[in-house]
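K.L.:
There's a structure below that I have some questions on.
Protein chains: 2
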Amino acid sequence: MVIPKVEDYLKTIHRLQDRDTQVAPSAIATAMGVQPPTVTAMLKRMHDDGFVDYERYQGARLTTRGEKLALETLRHHRLLELFLTEQLGYDWSEVHDEADVLEHYISEKLEARIAALLGFPTVDPHGAPIPTVDLKVRHDAGQQSVDQFDEGSLVVVSEVRDNSPDVLDYLTEVGVRLGALLKVIEVAPFGMITLKVRETDDQFSLPSETASSIFVTQFDATSTSESGQFSEVH
Amino acid sequence: MVIPKVEDYLKTIHRLQDRDTQVAPSAIATAMGVQPPTVTAMLKRMHDDGFVDYERYQGARLTTRGEKLALETLRHHRLLELFLTEQLGYDWSEVHDEADVLEHYISEKLEARIAALLGFPTVDPHGAPIPTVDLKVRHDAGQQSVDQFDEGSLVVVSEVRDNSPDVLDYLTEVGVRLGALLKVIEVAPFGMITLKVRETDDQFSLPSETASSIFVTQFDATSTSESGQFSEVH
DNA sequence: AGAATGAATTAGACACGTCTAAAGAAAAGG
DNA sequence: CCTTTTCTTTAGACGTGTCTAATTCATTCT
Ligand SMILES: [Mn+2]
Ligand SMILES: [Mn+2]
Ligand SMILES: [Mn+2]
Ligand SMILES: [Mn+2]
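For the protein sequence lines, the chains are G and F, in the order given. The opening position of the first sequence corresponds to residue 1 in UniProt numbering, with each subsequent residue numbered one higher. The opening position of the second sequence corresponds to residue 1 in UniProt numbering, with each subsequent residue numbered one higher.
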């Protein structure tokens with residue numbers, strides 16, 4: 001039996017590993033909201049249990065075993081988020097915390113039932129890919145964060161990587177949902193971006209830190225039929 | 001923040017308290033599957049936290065606070081069991097273990113959403129009453145265990161108090177479901193009961209220990225319309 | 001009442017997950 | 001290259017939840 005806390009550490013290391021191969025204890029400590037000695041102790045135990053490669057002063061990397069468990073937990077998390085929105089009327093701003101707890105406690109049977117009930121979905125309510133049953137993650141190679149686009153670009157929202165309810169509520173309010181069409185109005189050099197929502201003509205500005213969590217694809221007028229694919233995902 | 005384990009102890013004490021006012025540590029130890037010293041340590045802490053009245057060698061009783069939390073947990077448990085059967089295709093024999101874990105981790109918001117989705121149900125898949133939002137339990141005063149009835153009695157199944165998947169699967173197989181009509185064929189003095197299911201004419205025998213967990217009400221032919229009330233509950 | 005029996009408690013241990021304070025190693029800067 | 005800063009680890013502690021072994025209390029039996 002594997003323990004909830006280990007799963008949280010593994011998820012965190014998995015996320016941080018995307019950029020750096022060696023994950024620094026301080027980064028884990030910050031992300032987990034614990035003190036550095038806690039991380040040292042934890043990494044030792046996780047190393048003994050075969051979840052991470054770890055040597056003192058060398059940082060940590062997931063083993064195959066650790067990555068498997070991280071992805072299993074991530075699958076639970078994202079299936080639960082979608083389940084809460086689709087079946088229980090949650091808003092995308094409300095699902096994260098609930099899923100972050102339950103992910104550690106649902107059985108494999110319940111995971112399977114939820115997946116079936118939802119029609120074996122591929123993305124969660126924030127547009128993030130749900131790892132498959134055999135724990136493959138299909139990254140959307142085409143998407144980029146909206147602050148990477150030039151002024152005047154017309155883009156389609158494909159993912160929002162921010163868990164803050166306040167941010168998500170604000171985005172909902174201004175009309176930024178998965179599948180929404182946005183026009184990049186202005187990219188100011190001091191870290192501010194102005195966007196316009198096609199549907200409502202609402203215009204609003206965001207700090208580029210927030211904009212960097214909004215992932216989009218270039219709008220392709222020829223693929224109008226394909227935009228239906230996005231809206232079914234909301 | 002209250003801890004999962006405390007909730008399990010409180011549920012156990014609540015259950016054992018139904019008969020005895022003072023619950024013996026040994027009874028708690030047996031029910032929880034732990035050693036007696038574990039219970040002593042736990043009762044001390046729960047007493048310090050105001051969940052139980054407890055003095056050494058005197059056994060334990062729930063405080064108002066403890067009972068409230070026990071019932072809150074029981075509400076979670078029974079709502080989850082019904083949710084799993086109604087929404088996720090679980091059989092009544094499969095729900096207990098899953099609910100026994102999740103009961104400690106769902107938020108009050110999720111509890112409320114589940115209750116609403118299920119139409120504010122009053123009984124779980126085993127016929128046990130679901131504590132109301134304000135934590136009242138409506139006991140069914142009319143029901144008695146089937147082994148209390150005379151041979152020839154015609155009765156309606158209203159509750160099965162057994163969590164064992166094997167027993168529940170067996171009962172399903174022979175046709176004992178909530179709302180089923182049973183005829184008491186024979187009550188043997190050496191602890192065996194023979195019953196017949198009205199619908200299928202299946203006849204089968206049970207040890208009286210198992211029979212004592214099957215609760216029924218005397219079938220009243222005038223209340224045929226009321227039997228619809230039972231079947232909607234399955 | 002005194003002795004035997006059984007239940008409950010104390011004592012001491014351990015794994016988990018966390019902390020603070022102190023010490024040690026690595027990286028950065030001059 | 002030596003010093004300062006920053007990061008990481010060790011040391012020691014604590015609360016939770018559990019155990020085994022030993023002791024103490026309560027009850028029951030003669
Ligand atoms: Mn999330
Ligand atoms: Mn989590
Ligand atoms: Mn149950
Ligand atoms: Mn439980």
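From the three backbone atoms N, C-alpha and C, an ideal C-beta is built for every residue, glycine too. Since this is a predicted model, take the numbers as computed values, not measurements.
#1: Does L88 (chain F) come within less than 7 Å of chain G when only Cβ atoms are used?
#2: Ignoring anything shorter than 3 residues, give me the beta strand (DSSP E) runs that lie fully in the region 105 to 151 of chain F, in order along the chain.
#3: Can you tell me whether A116 (chain G) is buried or exposed? The criterion is at least 16 other CB atoms within 10 Å of its CB, across all chains shown.
#4: Under the three-state reduction of DSSP, which class applies to I28 (chain F): helix, strand or coil?
#5: So if I measure from each beta-carbon to every heavy atom of ligand 2 and keep distances below 5 Å, which residues remain?
#6: Any heavy atom of ligand 4 closer than 6 Å to the Cβ of E199 (chain G)?
#7: How long is the line joining the alpha carbons of E103 (chain G) and V184 (chain F), rounded to whole angstroms?
#8: Under the criterion of a Cβ to heavy atom distance below 6 Å, does E103 (chain F) qualify as lining ligand 6?
#9: If you run the structure through DSSP and keep just helix, strand and coil, what is S208 (chain F)?
#10: What residues from chain G crowd round S107 (chain F), counting only those whose CB sits closer than 7 Å?
#11: Quick one: is residue 260 (chain F) buried, meaning 16 or more other Cβ sit within 10 Å of its Cβ, or exposed?
#12: Among the residues of its own chain, which have a CB less than 6 Å from the CB of E81 (chain G), if the five just before and after it don't count?
#13: Hey, would you say D147 (chain G) sits closer than 7 Å to S212 (chain G), going by beta carbons?
#14: Is the shortest distance between the beta-carbon of R113 (chain G) and the beta-carbons of chain F less than 7 Å?
#15: When you compare only the Cα positions, how much space is there between V174 (chain F) and Y105 (chain F)?
#16: Any C-beta of chain G sitting closer than 7 Å to the C-beta of L82 (chain F)?
#17: Leaving out the 5 sequence neighbours to the left and right, which residues in its chain are closer than 8 Å to A180 (chain F) when beta-carbon positions are compared?
#18: Enumerate in chain order the residues of its own chain whose CB-to-CB distance from T210 (chain G) is below 8 Å, with the five nearest sequence positions on each side excluded.
#19: Using a Cβ-Cβ cutoff of less than 6 Å, which residues in the same chain neighbour A24 (chain G) once the five nearest sequence positions on both sides are dropped?
#20: For V101 (chain G) and chain F, any beta-carbon pair shorter than 7 Å?
#21: So, with DSSP's three-state summary, where would you put Y54 (chain G)?
#22: Just mark R19 (chain G) as buried or exposed, buried being the case when its beta carbon has 16 or more other beta carbons within 10 Å.
#23: What is the DSSP secondary structure of residue 255 (chain F), reduced to helix, strand or coil?
#24: Using the three-state DSSP reduction, which class does R15 (chain G) fall into: helix, strand or coil?
#25: Rounded to the nearest angstrom, what separates F190 (chain G) and Q203 (chain G) at their Cα positions?
#26: Would DSSP call T200 (chain F) helix, strand or coil?
#27: Among F:I214, F:T38 and F:E67, which has the Cα closest to the Cα of I193 (chain F)?
#28: May I ask you to verify whether the region 126 to 134 of chain F touches the region 75 to 90 of chain F, counting CB pairs closer than 8 Å and requiring at least 3?
#29: How would you call R177 (chain G), buried or exposed, if buried means at least 16 neighbouring beta carbons within 10 angstroms?
#30: Chain G partners of L110 (chain F), CB-CB under 8 Å?
#31: At the level of alpha carbons, what is the spacing between T38 (chain G) and R15 (chain G)?
#32: How about L62 (chain G) and I3 (chain G): do their beta carbons lie closer than 7 Å?
#33: Mapping DSSP to helix, strand and coil, what is Q218 (chain G)?
P.N.:
Checking against the coordinates, here is how it stands:
#1: yes
#2: none
#3: exposed
#4: When secondary structure is reduced to three states using DSSP, I28 (chain F) falls in the helix class.
#5: G:D8 and G:D100
#6: no
#7: 46 Å
#8: Ligand 6 is not part of this structure, which contains only ligand 1, ligand 2, ligand 3 and ligand 4.
#9: helix
#10: Per Cβ cutoff of 7 Å: E98.
#11: Outside the shown range of chain F, which is 1 to 234, sits residue 260 (chain F), and nothing can be said about it.
#12: V95, A99, D124 and P125
#13: yes
#14: For R113 (chain G), the answer is yes, since a Cβ of chain F falls inside 7 Å of its Cβ.
#15: 35 Å
#16: no
#17: V156, V157, V197, R198 and E199
#18: D162 and V167
#19: G59
#20: yes
#21: strand
#22: exposed
#23: Any answer about residue 255 (chain F) is impossible in this case: the structure gives chain F only from 1 up to 234.
#24: Three-state result, R15 (chain G): helix.
#25: 19 Å
#26: coil
#27: F:I214
#28: yes
#29: buried
#30: L84, L88 and E98
#31: 19 Å
#32: No, the pair does not count as a contact, with Cβ atoms beyond the cut-off.
#33: strand
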